[in-house]
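A short write-up of the structure that comes next.
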DNA sequence: CGGTGCGTTTGATCTGGATCAAGGCCGAGG
DNA sequence: CCTCGGCCTTGATCCAGATCAAACGCACCG
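Residue numbers (this note's numbering), protein chains in the order written: chain B, 2 to 240; chain Y, 2 to 240.
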């Protein structure tokens, strides 16, 4: 099996897609799902495998259907900034630019659903609710970007880590799965490059939060939020 | 004259709008300009005057037509993050949320062009090129937000200030006005809150750039970029 | 003109988080 | 079962930028 594993799908994939309720595809009514299905390709990624690279022509848009993806940029001397972590339901491709401004790689075993950009645009021109959904997504992403800029510009290390734990899917009690259980598939170094810190500071800060009883380490890659309110106060700087 | 000065416009304002070539309105063909005109209100702001406040219902979208605006958020203990500086041609209102997540204030004497959100949406539904232009804007703004996050997460003070000077309108030789002449209507403290630094560090860093001959102070609020290439290298971390 | 009040610059000192440096833990592979 | 290679934690030290503290410049105004 080749490393880069993309396949046209069998029929009806979208109807059974576990990520659809969270994704932009939710705005496509069931009756029209076959239109999406006709365009969709499923891509399977091994841990560490690249989905696209900075500078590549941006020929596709993506929906993450399982696993997780990191997007990042590098400075010339190797400093890395992780722009975001993407999980099931997240959409990549709002940027209308011709070339990717970020690289994207799987963190763990991951599947994404891929559409040719031109075909997706054509569908969008026809199904206006899809365009509206995308504009709404763009607004949400912009709001998230602003929160992250506030974090990076003005929050302390402990406030950053607290914010991060609360932003990850799983921290809020609404989602499926045991409430307050946060999965951390990324390394300390990746968290650091996302939060504008070093891996040592991230590690020390998590230790501080554990010692304070705000979180508990459940396993190597899972934390339980023990005091969500206290963590929220910390995250928001309501000292 | 009341402090909050908004007026329905006389006819034909949009046709003569100096900011139109730079703004989303550029995508509305001349023949349809009367539609915009019918919706537009002009607002005049004194220095420091608020345009909207965090938490206010977001009833309008705006286009800056002259002057400059700062948008910002505060943490509970007073730490401020300036999300952006907006100049002629810039659009506010991509965020589809019902309430403003930022406050916006004039930095200097400023005029903005205001549309009721519901009316603007209605126009958008009709004139699809306006929606497309807005989606493109959203993409651009997202790309800019990512660059700013990289700056905040991983760049040094001098790299941040260099990036800032180059991002301001006027730094690039394409724009009207003398090439390389950058207007800085905002205070050092505002630059600091935008760049994640303190005002002292901004001041010292500007002094360093002056001493290095990369920029020259033309007046209290104007800098001339003397070595744009060297400044660009600094800004991009191509050490 | 001589205050007076911002905003800016510059200097001295401090500190949160970076950097440098060991070990520790654990899963994979021999 | 041991060893190897990642990743993580913890400790010691360092330093870029924060904080504290004066002046300085300049527009505004009585």
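From the three backbone atoms N, C-alpha and C, an ideal C-beta is built for every residue, glycine too.
If you're wondering where the values come from, they're calculated on a predicted model, not measured in any experiment.
Comparing C-alpha distances from residue 27(Y) to each of 134(Y), 53(Y), 186(Y) and 55(Y) shows the shortest one belongs to 134(Y). Across the set 46(Y), 23(Y), 115(Y) and 230(Y), the C-alpha of 23(Y) shows the shortest separation from the C-alpha of residue 90(Y). Note: residue 113(Y) is bridge-paired with 44(Y) and 65(Y) in the DSSP secondary-structure output. Only buried fits residue 94(Y), as 16 or more other CB atoms lie within 10 angstroms of its CB.
For the pair of segments examined, the region 112-132 of chain B was found to touch the region 45-59 of chain B: the number of CB pairs separated by less than 8 Å reaches three. Taking 9 Å as the cut-off between beta carbons, the residues of the region 97-119 of chain B near chain Y are 97, 98, 102 and 103, in sequence order.
The beta carbon of residue 84(B) sits closer than 8 Å to some beta carbon of chain Y.
Taking 7 Å as the cut-off between beta carbons, the residues of the region 141-153 of chain B near chain Y are 142, 143, 144, 146, 147, 149, 150, 151 and 153, in sequence order. For residue 16(B), no Cβ of chain Y is located within less than 8 Å of the residue's own Cβ. Nearest neighbour of residue 97(Y) by Cα position, chosen from 29(B), 148(B) and 144(B), turns out to be 144(B).
Within the region 103-184 of chain Y, complete alpha helix (DSSP H) segments of at least 4 residues are found at 118-127, 129-155 and 158-168, given in chain order. Residues of the region 60-88 of chain Y with a C-beta less than 7 Å from any C-beta of chain B: 74, 76, 77, 78, 80, 82 and 84, listed in chain order.
Taking CB atoms only, residue 37(Y) has no neighbour in chain B less than 8 Å away. When C-beta atoms of the region 149-157 of chain Y are compared with those of the region 57-71 of chain Y, fewer than three pairs fall below 8 Å, so the two segments do not count as touching.
In this structure, residue 223(Y) lies near residue 184(Y), with their beta-carbon atoms less than 8 Å apart.
Within the same chain, 59, 60, 61, 62 and 94 come within 8 Å of residue 118(B) by CB-CB distance, once the 5 residues on both sides are set aside. At a cut-off of 8 Å between beta carbons, residue 40(B) makes no contact with chain Y. By the neighbour-count criterion, in which 16 or more other beta carbons inside 10 Å mark a residue as buried, residue 191(Y) falls on the buried side. Separation of the CB atoms of residue 101(B) and residue 57(B) is rounded to 5 Å, and the pair is thereby assigned contact status at 8 Å.
Checking the DSSP bridge columns, you'll see residue 101(Y) has no partner listed. Residue 108(B) and residue 199(B) have their C-alpha atoms spaced approximately 19 Å apart. Under a criterion of Cβ atoms nearer than 7 Å, no residue of chain Y is adjacent to residue 213(B); the nearest Cβ is some 20 Å distant. Partner residues in the beta bridge of residue 226(Y), as assigned by DSSP, are 216(Y). At a C-beta separation below 8 Å, residue 137(B) has these neighbours in chain Y: 97.
Burial state of residue 72(B) is buried, judged by a 10 Å Cβ sphere holding 16 or more other Cβ atoms.
Annotated three-state conformation of residue 70(Y) is strand, per DSSP.
By the neighbour-count definition (other C-beta atoms within 10 Å, threshold 16), residue 87(Y) is a buried residue. Between residue 160(Y) and residue 235(Y), the CB-CB gap stays under 8 Å.
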